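Remarks on the structure that follows.
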Amino acid sequence: NKQILTLDVAYNKGNFKVEVYWINRNGNLVFLFRQPEIFNFLYPAKGHQIYQQGFFARAFVELMKSLWVAPSIVRLNEPQLVFAATAMKNDVDFFNGGGGKSVFDDTKIAGTTHTPESAAILHEPIEWITGIVGWEVVRNWEGAREIIDREKGEVSTAKGFGEVSALVNGVA
Numbered sequence: 416n417k418q419i420l421t422l423d424v425a426y427n428k429g430n431f432k433v434e435v436y437w438i439n440r441n442g443n444l445v446f447l448f449r450q451p452e453i454f455n456f457l458y459p460a461k462g463h464q465i466y467q468q469g470f471f472a473r474a475f476v477e478l479m480k481s482l483w484v485a486p487s488i489v490r491l492n493e494p495q496l497v498f499a500a501t502a503m504k505n506d507v508d509f510f511n512g513g514g515g516k517s518v519f520d521d522t523k524i525a526g527t528t529h530t531p532e533s534a535a536i537l538h539e540p541i542e543w544i545t546g547i548v549g550w551e552v553v554r555n556w557e558g559a560r561e562i563i564d565r566e567k568g569e570v571s572t573a574k575g576f577g578e579v580s581a582l583v584n585g586v587a
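Start counting the sequence shown at 416; every next residue gets the next number (our numbering).
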């Protein structure tokens with residue numbers, strides 16, 4: 416009778432319970448999140464897919480904090496996961512602003528993109544994305560805006576991927 420790790424995740428004005436499962440693949444932990452209200456379609460419509468990506472980011476941050484895991488490197492496998500980096504940055508800003516320490520203080524981001532084309536990269540109006548994932552994931556305030564293309568008034572995962580990553584590689 417195994418116990419399931421359950422997290423409470425605050426996300427875009429809601430609170431959700433998430434079941435966390437994991438497996439060890441040759442020393443690499445692979446985490447799986449189960450939240451049926453959010454992860455209810457494999458290939459959802461664009462708005463819901465973005466909602467899932469933002470939620471994944473928040474769940475990841477809460478998981479690492481609950482396990483007291485301070486990752487040295489977080490590898491984001493596609494620009495759509497850039498919300499994980501902004502969620503980590505929010506945690507760092509929150510704790511550092513209050514004199515504390517975030518588990519992500521020393522974390523570096525490594526990014527990989529398999530499809531470095533416009534069709535595979537999110538670029539949508541800031542207000543639309545903020546309505547889907549919430550202001551705290553978009554970080555549209557002075558001193559932040561890592562994923563904002565101010566000239567175009569858009570959230571750009573391509574720009575964001577470059578801004579938040581210590582290393583970005585493309586696979587052809």
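Just so you know, even glycine gets a beta-carbon here, dropped at the ideal spot from N, CA and C.
Here the structure is a predicted model, which is why all the values come from computation and not from measurement.
Q | The beta strand (DSSP E) enclosing Trp483, as first and last residue numbers | A | Position 68 of the sequence shown holds residue 483. Here Trp483 belongs to no beta strand (DSSP E), and DSSP marks it neither H nor E.
Q: Count the other C-beta atoms from every protein chain shown that fall within 10 angstroms of the C-beta of Tyr458, then say buried if there are 16 or more, exposed otherwise.
A: Here the question's residue 458 lines up with position 43 in the sequence shown. The residue in question, Tyr458, is exposed, as its Cβ has fewer than 16 Cβ neighbours within 10 Å.
**Q.** Alpha-carbon to alpha-carbon, Leu537 and Ala460
**A.** Locating residue 460 in the sequence shown gives position 45, where the first residue counts as 1. Locating residue 537 in the sequence shown gives position 122, where the first residue counts as 1. Distance between the alpha carbons of Ala460 and Leu537: 13 Å.
(Q) Bridge partners for Thr527 per DSSP, in chain order? (A) In the sequence shown, counting from the first residue as 1, residue 527 sits at position 112. Asn492, Asn584, per the DSSP bridge assignment.
Q. Start and end of the beta strand (DSSP E) containing Ile419?
A. Here residue 419 refers to the residue found at position 4 when the sequence shown is read from its first residue. Careful: Ile419 lies outside any beta strand (DSSP E) and carries neither H nor E.
Q: Could you pull the start and end residues of the alpha helix (DSSP H) that Val445 belongs to?
A: For the purposes of this step, residue 445 is identified with residue 30 of the sequence shown, where counting begins at 1. Premise fails: Val445 lies in the beta strand (DSSP E), 443–449, not in any alpha helix (DSSP H).
Q: Rank Glu493, Leu478, Ile438 by C-alpha distance to the C-alpha of Phe576 and give the top, closest one.
A: In the sequence shown, residue 576 corresponds to position 161, counting from 1. The closest CA to that of Phe576, considering only Glu493, Leu478, Ile438, is found on Glu493.
Q. How would you call Ser571, buried or exposed, if buried means at least 16 neighbouring beta carbons within 10 angstroms?
A. Counting from 1 along the sequence shown, the entry for residue 571 is found at position 156. It is buried - the Cβ of Ser571 has at least 16 other Cβ atoms within 10 Å.
Q: Along the beta strand (DSSP E) that carries Phe431, what are the first and last residues, could you check?
A: Translated into the one-based positions of the sequence shown, residue 431 becomes position 16. Its beta strand (DSSP E) spans residues 429–440.
Q) Taking DSSP as the reference, what is the three-state secondary structure of Ala425? A) Mapped onto the sequence shown, residue 425 falls at position 10. Looking at Ala425 - three-state DSSP - the assignment turns out to be strand.
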